[in-house]
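Notes to accompany the following structure.
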Amino acid sequence: MAKGQRSVGSAKSEIVAALPKACASDLAAVEFFETRRWGKTGPCCPRCGDTDVYKMTDRKTGQRNKRFLWMCNGCKKQYTVRVGTVLEESLIPLRHWAYAFWAGAASKKGVSSMQIQRMTGLTYKSALFMMHRVRFAMAEDYRALPKLTGTVEADEAYVGGKPRYKQAAKGPAPGWLDRKTPVVSLVERGGNIRSFVTADVTAANVGRILEENVSRESHLMTDSAPIYARTGITKRFARHGMTDHRKGEYAKPDGTHSNTVESAFSLLKRGIYGTFHNVSRKHLHRYVAEFDFRWNARKIDDGARTELAIRRGEGKRLRYRAPVATLPPTPAQGRPF
Ligand SMILES: [Zn+2]
Numbered sequence: 000m001a002k003g004q005r006s007v008g009s010a011k012s013e014i015v016a017a018l019p020k021a022c023a024s025d026l027a028a029v030e031f032f033e034t035r036r037w038g039k040t041g042p043c044c045p046r047c048g049d050t051d052v053y054k055m056t057d058r059k060t061g062q063r064n065k066r067f068l069w070m071c072n073g074c075k076k077q078y079t080v081r082v083g084t085v086l087e088e089s090l091i092p093l094r095h096w097a098y099a100f101w102a103g104a105a106s107k108k109g110v111s112s113m114q115i116q117r118m119t120g121l122t123y124k125s126a127l128f129m130m131h132r133v134r135f136a137m138a139e140d141y142r143a144l145p146k147l148t149g150t151v152e153a154d155e156a157y158v159g160g161k162p163r164y165k166q167a168a169k170g171p172a173p174g175w176l177d178r179k180t181p182v183v184s185l186v187e188r189g190g191n192i193r194s195f196v197t198a199d200v201t202a203a204n205v206g207r208i209l210e211e212n213v214s215r216e217s218h219l220m221t222d223s224a225p226i227y228a229r230t231g232i233t234k235r236f237a238r239h240g241m242t243d244h245r246k247g248e249y250a251k252p253d254g255t256h257s258n259t260v261e262s263a264f265s266l267l268k269r270g271i272y273g274t275f276h277n278v279s280r281k282h283l284h285r286y287v288a289e290f291d292f293r294w295n296a297r298k299i300d301d302g303a304r305t306e307l308a309i310r311r312g313e314g315k316r317l318r319y320r321a322p323v324a325t326l327p328p329t330p331a332q333g334r335p336f
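Structure representation (structure tokens):
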């Protein structure tokens, strides 16, 4: 084969190849989730961790049990691949979950619940339920990770809220900013992003987000907004560079700019306005977690990203009735999933 030429399908990962089947049959979906979660070797009991387990079979047919149950010889309890993940307590067939994870991991600007509803034939409520759990699976607890380091760009954007088209022609309506929710993002150049939904862009809030997520040795880069230029919250970092957008300055010859974080925001905004149309303040943190996830997993292919999202769902359960989910809220995000 000539250099640079690929045979059809050769670039597809094994996971990408398995996804269409997983979205079409319940057995394929169950096996897909089992392989993604436990790998090809040793599925272990989600309750006691024992690896002495077996697949339960139907006595008459000898096929897998209808509910795809496993039995653990350690704790003598039955379980399925859903137990101990965001899929627990859901009756939605796993083939729909496979589609939801795939679509969420592979769509650059996100996938709406309306789209999932159309593709799966589920109700809008079920589609929304699935996508919020997919987002919860994707969410990372940043407090458990080392702080960002090297060159770190910080910026804030105002998103969400219902646009008022009549007013738009005349410029922002009074109170325009009140309806929008601030998101503060930090991007390590060449590395990861961390975004936080915050109540207000104040020195206390932004200062705390920086303190908790950026190492002191970092070279911080921001625009010249008063929060960075005047409040002193940037003083604790080794270096701080600013560009002044009002003077038309977007990048300095020494490499000072905040273009990386701004391109992350433009992706988020295009997703919020183009895909989701309307995101309430209450749910914004979920969408932000979804966009952070895709940014941070940008170097792997769609299949590996789908698997990563599924694996992240391990040990997490999203309950709307109980006030606090298994994953504690980050102080900056301020509320649980
Ligand atoms: Zn067990």
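For the sequence shown, counting from 1, position 206 maps to 205 in numbering that gives the first Met the number 0; every step adds exactly one. All residues carry an ideal CB built from backbone N, CA and C; glycine is no exception. Quick caveat: nothing in here was measured; it's all calculated off a predicted structure.
Which whole-angstrom value describes the C-beta separation of residue i and residue j, a residue pair presumed to lie in contact below a C-beta threshold of 8 Å?
i	j	result
valine 52	asparagine 72	7 Å
alanine 105	threonine 305	7 Å
histidine 239	leucine 219	5 Å
alanine 153	methionine 129	With 8 Å as the limit, alanine 153 and methionine 129 do not qualify as a contact, their Cβ atoms being about 33 Å apart.
leucine 185	asparagine 204	In fact, because the Cβ distance is near 13 Å, the residues do not count as touching under 8 Å.
arginine 311	methionine 137	6 Å
cysteine 22	arginine 94	5 Å
tryptophan 69	threonine 60	With 8 Å as the limit, tryptophan 69 and threonine 60 do not qualify as a contact, their Cβ atoms being about 18 Å apart.
phenylalanine 135	lysine 315	6 Å
valine 158	valine 182	6 Å
Hey, could you find the ends of the alpha helix (DSSP H) residue i is sitting in?
i	result
threonine 33	Going by the sequence as given, residue 33 is glutamate instead of threonine. Element bounds for glutamate 33: 25-37.
valine 287	283-295
tyrosine 98	93-105
Which class does residue i belong to by DSSP, given the choice of helix, strand or coil?
i	result
asparagine 212	helix
histidine 276	coil
valine 260	helix
glycine 120	coil
glutamate 88	coil
threonine 305	helix
glutamine 77	strand
arginine 316	coil
methionine 55	coil
leucine 267	helix
alanine 250	strand
glycine 48	coil
alanine 331	Below a pLDDT of 50, predicted positions are generally treated as unreliable, and alanine 331, at 45, falls in that range; no measurement from the model is reported.
arginine 235	coil
Provide the residue span of the beta strand (DSSP E) that contains residue i, from first to last.
i	result
methionine 137	That residue, methionine 137, is in no beta strand (DSSP E); its alpha helix (DSSP H) goes 123-137.
lysine 20	Here lysine 20 belongs to no beta strand (DSSP E); instead the alpha helix (DSSP H) covers 13-21.
tyrosine 157	150-158
tyrosine 227	That residue, tyrosine 227, is in no beta strand (DSSP E); its alpha helix (DSSP H) goes 225-228.
phenylalanine 356	Outside the shown range of the chain (0 to 336) lies residue 356, about which nothing can therefore be said.
leucine 68	Note, leucine 68: premise wrong, no beta strand (DSSP E); not H, not E.
valine 183	180-187
histidine 244	Run containing histidine 244: none; DSSP gives neither H nor E here.
aspartate 199	Unbroken run through aspartate 199: none, as it is neither H nor E.
threonine 255	It is not in any beta strand (DSSP E) - threonine 255 carries neither H nor E in the DSSP assignment.
aspartate 222	218-222
Examine chain D for any beta-carbon lying closer than 7 Å to the beta-carbon of residue i, and answer yes or no.
i	result
glutamate 88	The chain labelled as chain D is not found in the depicted structure, where only one protein chain is given.
Stretch pair the segment 123-142 + the segment 88-98: three plus CB contacts closer than 8 Å: yes
Inter-stretch contact at 8 Å, needing at least 3 Cβ pairs: the segment 187-199 / the segment 272-289: yes
Touch test, the segment 108-116 against the segment 47-67, Cβ-Cβ under 8 Å, three pairs minimum: no
Segment contact, 8 Å Cβ cut-off, at least three pairs: the segment 180-192 with the segment 291-298: yes
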